[in-house]
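Structure record follows, encoded as structure tokens.
Protein chains in written order, with our numbering: chain A, 1 to 418; chain B, 1 to 418.
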């Protein structure tokens with residue numbers, strides 16, 4: 001079979017290990033004689049449409065290896081949803097044009113549920129257009145809400161960051177609580193699924209009762225019941241640590257905090273539930289509080305990434321190339337748990353048609369009966385994912401990162417407006 | 001000289017290394033034959049007043065060693081300002097009563113500027129009362145605003161957390177900026193002095209232009225000038241990372257964000273300047289933003305503490321005991337920089353009367369001419385303080401901490417209302 005070029009793009013929010021996946025793809029592609037060059041879309045699918053294509057083959061392998069400890073998305077990412085081909089043929093035709101112009105035989109698309117759906121549609125379109133390209137989706141999302149995979153690369157590291165940060169901050173507020181701060185609220189990511197908030201339960205141990213309350217998107221929020229629980233917790237422990245998911249909402253579905261803007265997928269842009277909860281506590285209980293919103297810090301925190309997560313992120317990248325070369329199409333590598341204790345896993349695959357737009361929420365058995373916490377089953381499920389420290393190198397006291405040339409290949413096509 | 005007991009208390013906000021200092025005090029006291037037992041005040045000076053006194057002599061040395069990697073204040077802390085003896089003799093007399101009842105010859109008080117002032121007054125009062133106790137202040141504050149010391153234990157670790165987190169989050173927002181988030185705002189601590197915000201300047205390197213704007217309490221905030229700088233930065237770099245000190249204020253001294261409550265020292269309790277700045281950017285420039293408030297996470301983040309900071313925190317604890325045993329009174333150990341490049345330091349001392357209530361702000365030469373950043377001189381000054389990683393041990397994927405019995409000694413006095 002004639003060697004072809006391949007192209008990789010990442011889309012949606014980045015993680016602390018998405019570059020490790022990119023590294024896995026690049027390294028595997030370099031080892032194959034059936035892939036000439038591996039290109040990367042600049043800023044995700046938008047770069048492909050614009051023919052802004054990075055030639056990764058000129059990068060030094062030393063820098064490529066550094067991708068394993070570089071947070072952010074080294075080729076850029078985007079928020080851009082390709083609509084269905086029936087209403088948006090223009091963008092799909094452009095992709096075919098770009099694939100053809102650059103002799104692309106393999107397409108790797110790293111993203112969450114929306115991106116898997118897009119990859120599936122692109123795959124079908126290339127077949128229908130008579131220019132079949134092997135399209136492989138690659139799982140990534142800190143929200144951990146993709147189905148058919150034990151977990152999503154990016155999540156384990158956020159879980160480790162959250163569990164560690166909550167344990168640390170809890171010891172802090174506990175010290176202060178007798179005469180000062182009694183309540184600490186930490187807002188974490190998780191728009192629809194409470195996986196990240198749930199991971200804070202791993203901060204518990206024999207010395208640590210915190211977090212005392214976890215507010216999940218899966219459990220409707222009742223203000224009076226919540227305030228009573230805060231009061232009871234203070235009475236019992238002298239302080240109260242609350243972890244709240246950005247997607248926590250009232251029974252009618254309304255988010256506790258809602259910034260009022262939407263992204264290009266039509267998702268509401270959230271942020272600020274922690275100060276809202278703090279205000280409720282101040283107004284109703286008159287307690288002194290502190291609150292934190294870690295926002296991008298949590299998903300970018302490569303300095304505290306889980307080794308398990310880094311290993312898995314790298315493995316799905318390598319597997320994507322292997323699947324493409326073995327003729328697979330419209331599939332996604334998944335992590336399959338083969339044992340929980342001790343944890344072991346292998347890479348498997350699933351058809352994209354099964355993944356697309358399915359959200360894996362926190363199952364009921366992982367949520368405590370009172371709705372304010374997580375069960376032992378939940379902790380046992382998440383714990384393996386935060387194992388191991390994959391410390392990055394430091395230079396001058398700060399995390400060291402990769403430096404790529406990110407040189408664009410010469411354009412061959414007319415300008416296309418995205 | 002007859003052996004006496006000693007007592008240690010910590011006060012004010014805790015740090016990720018304040019327990020390392022406590023460990024230094026305990027270990028040094030155990031080695032001396034002139035100190036019988038080292039007690040610790042439960043929840044700071046309030047515990048002393050209440051005769052809530054922990055006997056540290058029964059703790060296992062293995063757990064004491066773990067204090068070097070345990071964030072929070074293991075004996076508790078407090079917000080409680082002893083007023084001047086002239087208006088508040090009652091509390092000072094009670095302290096003498098407690099010191100007498102427990103045969104205290106040495107008092108170690110770990111805190112910021114307010115606590116050093118308190119220690120100085122207690123020292124004088126014990127002399128005036130005819131029961132002289134060697135009182136040694138120990139420096140601690142993430143704000144880094146104590147004079148006569150190269151830096152304050154606690155600061156170096158926050159500086160490392162902030163520089164690392166800003167570099168990580170900057171790579172994240174840079175990836176997203178072409179079609180999504182263009183502005184990222186990170187709020188950091190620093191009520192009056194901009195040391196913590198300034199340390200974010202260490203995130204710069206050849207790959208990283210961020211942070212682009214640092215808002216310091218020392219520089220008056222002008223909204224129009226600031227918004228223009230944001231706009232210009234986006235034009236030049238495509239994204240803009242802003243680090244803002246909680247104490248950033250307008251020319252008239254008004255804080256940009258003011259939660260409206262005060263602590264027992266009369267300090268305004270701050271929080272929420274990041275969303276305020278975000279609101280300005282949304283309303284005036286219409287840019288998509290994200291913001292983070294790290295709050296307690298930054299000062300509790302033992303997982304990313306600076307080794308230099310841990311070493312210095314431990315050293316000031318040991319030195320405090322040494323000074324007390326050599327007959328010093330009303331002094332504080334300080335860190336003296338003996339060389340900047342390579343960084344070297346030794347422990348010296350300063351009279352508490354010189355330290356009390358003096359705030360060391362960021363000097364003018366450390367602030368860039370335009371007021372939106374820090375100079376190379378500033379970075380060169382702070383850089384040594386974030387050197388080295390003093391990784392804690394992990395258990396089940398989460399930072400492992402000390403477990404003390406914290407057993408109280410039997411009370412000998414009547415109840416005292418604090």
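Beta carbons are placed, not taken as given, at the ideal position from N, Cα and C, and that holds for glycine.
- prompt: What's the gap between the Cα of residue 262 of chain A and the Cα of residue 171 of chain A?
  reply: For the purposes of this step, residue 262 of chain A is identified with residue 262 of the first chain, where counting begins at 1. For the purposes of this step, residue 171 of chain A is identified with residue 171 of the first chain, where counting begins at 1. In this prediction, residue 262 of chain A has a pLDDT of 45, which is less than 50 and means its spatial position is unreliable; nothing more can be read from the coordinates.
message: Please tell me whether residue 76 of chain B has its Cβ less than 7 Å away from any Cβ of chain A.
response: Indexing the second chain from 1 puts residue 76 of chain B at position 76. Answer yes: the Cβ-Cβ gap between residue 76 of chain B and chain A drops below 7 Å somewhere.
field: With 16 other Cβ atoms within 10 Å as the buried cut-off, status of residue 241 of chain B
entry: Mapped onto the second chain, residue 241 of chain B falls at position 241. Buried.
query: Under 7 Å Cβ-Cβ, which residues of chain B neighbour residue 184 of chain A?
result: Numbered from 1 along the first chain, position 184 holds the residue referred to as residue 184 of chain A. In chain order: 296.
- prompt: Can you tell me the Cα-Cα spacing of residue 38 of chain B and residue 387 of chain B, whole angstroms?
  reply: As a first step, residue 38 of chain B is located in the second chain; it is residue number 38 there, counting from the start. As a first step, residue 387 of chain B is located in the second chain; it is residue number 387 there, counting from the start. Using only the alpha carbons, I get a separation of about 32 Å.
Short CB-CB distance (under 7 Å) between residue 212 of chain B and chain A: Here residue 212 of chain B refers to the residue found at position 212 of the second chain. No - not a single Cβ of chain A is within 7 Å of the one on residue 212 of chain B.
- prompt: Using a beta-carbon distance below 7 Å, is residue 63 of chain B in contact with chain A?
  reply: As a working mapping, residue 63 of chain B is identified with position 63 in the second chain. Cβ-Cβ to chain A under 7 Å: no for residue 63 of chain B.
query: Does the distance from the CB of residue 181 of chain A to the CB of residue 290 of chain A come in under 7 Å?
result: The sequence position of residue 181 of chain A within the first chain is 181, counting from 1. The sequence position of residue 290 of chain A within the first chain is 290, counting from 1. Cβ distance < 7 Å, so residue 181 of chain A and residue 290 of chain A count as in contact.
message: Between which two residues does the alpha helix (DSSP H) holding residue 376 of chain B run?
response: Looking up residue 376 of chain B in the second chain gives position 376. Counting along the chain, the alpha helix (DSSP H) containing residue 376 of chain B begins and ends at 376-382.
query: Under the rule that 16 or more other beta-carbon atoms within 10 Å means buried, what is residue 274 of chain A, buried or exposed?
result: Position 274 of the first chain, counted from the first residue, corresponds to residue 274 of chain A. When all chains shown are included, residue 274 of chain A counts as buried.
- request: Determine the burial state of residue 264 of chain A: buried for a count of at least 16 other Cβ atoms within 10 Å of its Cβ, exposed for fewer.
  value: To locate residue 264 of chain A, count along the first chain from 1; it is residue 264. Any reading at residue 264 of chain A must be qualified, since the residue scores a pLDDT of 47, below 50, and its modelled position is unreliable; no value is offered.
field: Contact list for the region 386-398 of chain A against chain B, Cβ threshold 9 Å
entry: 386, 387, 388, 389, 391, 394, 395, 396, 397, 398
- request: Could you please tell me which residues of the region 38-59 of chain B, in chain order, have their CB closer than 9 Å to any CB of chain A?
  value: 42, 43, 44, 46, 47
- request: Give the straight-line distance between the Cα atoms of residue 231 of chain B and residue 370 of chain B, rounded to the nearest whole angstrom.
  value: For the purposes of this step, residue 231 of chain B is identified with residue 231 of the second chain, where counting begins at 1. For the purposes of this step, residue 370 of chain B is identified with residue 370 of the second chain, where counting begins at 1. If you take the alpha carbons of residue 231 of chain B and residue 370 of chain B, they lie about 15 Å apart.
- request: Indicate whether at least one CB of chain A lies closer than 7 Å to the CB of residue 71 of chain B.
  value: As a first step, residue 71 of chain B must be located in the second chain, where it is residue number 71. With 7 Å as the cut-off, residue 71 of chain B counts as an interface residue toward chain A.
field: Neighbour flag for residue 304 of chain A against chain B, beta carbons, 7 Å
entry: Sequence index remark: in the first chain, residue 304 of chain A carries index 304 (1-based). Closer than 7 Å: yes.
- prompt: Where does residue 10 of chain A fall in DSSP's three states?
  reply: By one-based count along the first chain, residue 10 of chain A stands at place 10. Here residue 10 of chain A sits in strand by DSSP.
task: List the residues of chain A that residue 160 of chain B touches, going by C-beta distances under 8 Å, in chain order.
output: Start at 1 with the first residue of the second chain, and residue 160 of chain B comes out as number 160. Simply 397, 398.
Beta-bridge partners of residue 332 of chain B, as assigned by DSSP: Stepping through the second chain from its first residue, residue 332 of chain B is reached at position 332. The partner list for residue 332 of chain B (beta bridge, DSSP) reads B/350.
field: Boundaries (first-last residue) of the beta strand (DSSP E) holding residue 215 of chain B
entry: In the second chain, the residue the question calls residue 215 of chain B occupies position 215. Note, residue 215 of chain B: beta strand (DSSP E), 213-215.
query: In terms of residue numbering, what span does the beta strand (DSSP E) encompassing residue 110 of chain B cover?
result: Numbered from its first residue, the second chain carries residue 110 of chain B at position 110. Its beta strand (DSSP E) spans residues 104-111.
task: Provide the residue(s) that pair with residue 289 of chain A in DSSP beta bridges, ordered along the chain.
output: Locating residue 289 of chain A in the first chain gives position 289, counting from the first residue. A/183, per the DSSP bridge assignment.
- prompt: Less than 7 Å separating the beta-carbons of residue 16 of chain A and residue 305 of chain A?
  reply: Position 16 of the first chain, counted from the start, is the residue given in the question as residue 16 of chain A. Position 305 of the first chain, counted from the start, is the residue given in the question as residue 305 of chain A. Yes, they are a contact pair.
query: Under 7 Å between the Cβ atoms of residue 218 of chain A and residue 385 of chain A?
result: The count along the first chain starts at 1 and reaches residue 218 of chain A at position 218. The count along the first chain starts at 1 and reaches residue 385 of chain A at position 385. In this structure, residue 385 of chain A does not lie closer than 7 Å to residue 218 of chain A by Cβ.
query: Does DSSP put residue 275 of chain A in a helix, in a strand, or in coil?
result: Looking up residue 275 of chain A in the first chain gives position 275. Reduced to three states, the DSSP call for residue 275 of chain A is helix.
query: Where does residue 15 of chain A sit, in a helix, a strand or coil, going by DSSP?
result: Taking the first chain and counting its residues from 1, the one referred to as residue 15 of chain A is at position 15. Residue state, collapsed to three classes: coil.
- prompt: Quick one: is residue 20 of chain A near chain B, going by C-beta distance under 7 Å?
  reply: The residue given as residue 20 of chain A occupies position 20 in the first chain. No, residue 20 of chain A does not count as interfacial toward chain B.
query: Closer than 8 Å, Cβ to any Cβ of chain D: which residues of the region 134-166 of chain A, in chain order?
result: No chain D is part of this structure, whose protein chains are labelled A and B.
Where the beta strand (DSSP E) containing residue 33 of chain A begins and where it ends: As a position in the first chain, residue 33 of chain A is number 33, starting the count at 1. No beta strand (DSSP E) holds residue 33 of chain A; DSSP gives it neither H nor E.
- prompt: Taking 7 Å as the CB-CB limit, is residue 257 of chain B close to chain A?
  reply: Within the second chain, the letter at position 257 stands for residue 257 of chain B. False, the Cβ-Cβ gap to chain A never drops below 7 Å.
message: Suppose contacts are defined by Cβ-Cβ distances below 7 Å. Is residue 200 of chain A in contact with residue 166 of chain A by that definition?
response: Sequence index remark: in the first chain, residue 200 of chain A carries index 200 (1-based). Sequence index remark: in the first chain, residue 166 of chain A carries index 166 (1-based). The answer is yes: Cβ separation under 7 Å.
task: Answer with yes or no whether the minimum CB distance from residue 110 of chain B to chain A is below 7 Å.
output: Along the second chain, read from residue 1 onward, the residue named residue 110 of chain B stands at position 110. So no, residue 110 of chain B is outside the interface.
query: In terms of residue numbering, what span does the alpha helix (DSSP H) encompassing residue 234 of chain A cover?
result: Working through the first chain from its first residue, we reach residue 234 of chain A at position 234. Its alpha helix (DSSP H) spans residues 223-237.
message: For residue 347 of chain B and residue 333 of chain B, what's the separation of their Cα atoms in angstroms?
response: Taking the second chain and counting its residues from 1, the one referred to as residue 347 of chain B is at position 347. Taking the second chain and counting its residues from 1, the one referred to as residue 333 of chain B is at position 333. Taking the straight line from one Cα to the other gives about 6 Å.
- prompt: Along the region 190-207 of chain B, what residues have a CB closer than 8 Å to any CB found in chain A?
  reply: 202, 203, 205, 206, 207
task: Give me whichever residues DSSP pairs with residue 26 of chain A in a beta bridge.
output: For the purposes of this step, residue 26 of chain A is taken as residue 26 along the first chain, with counting starting at 1. Bridge partners of residue 26 of chain A: none, in fact.
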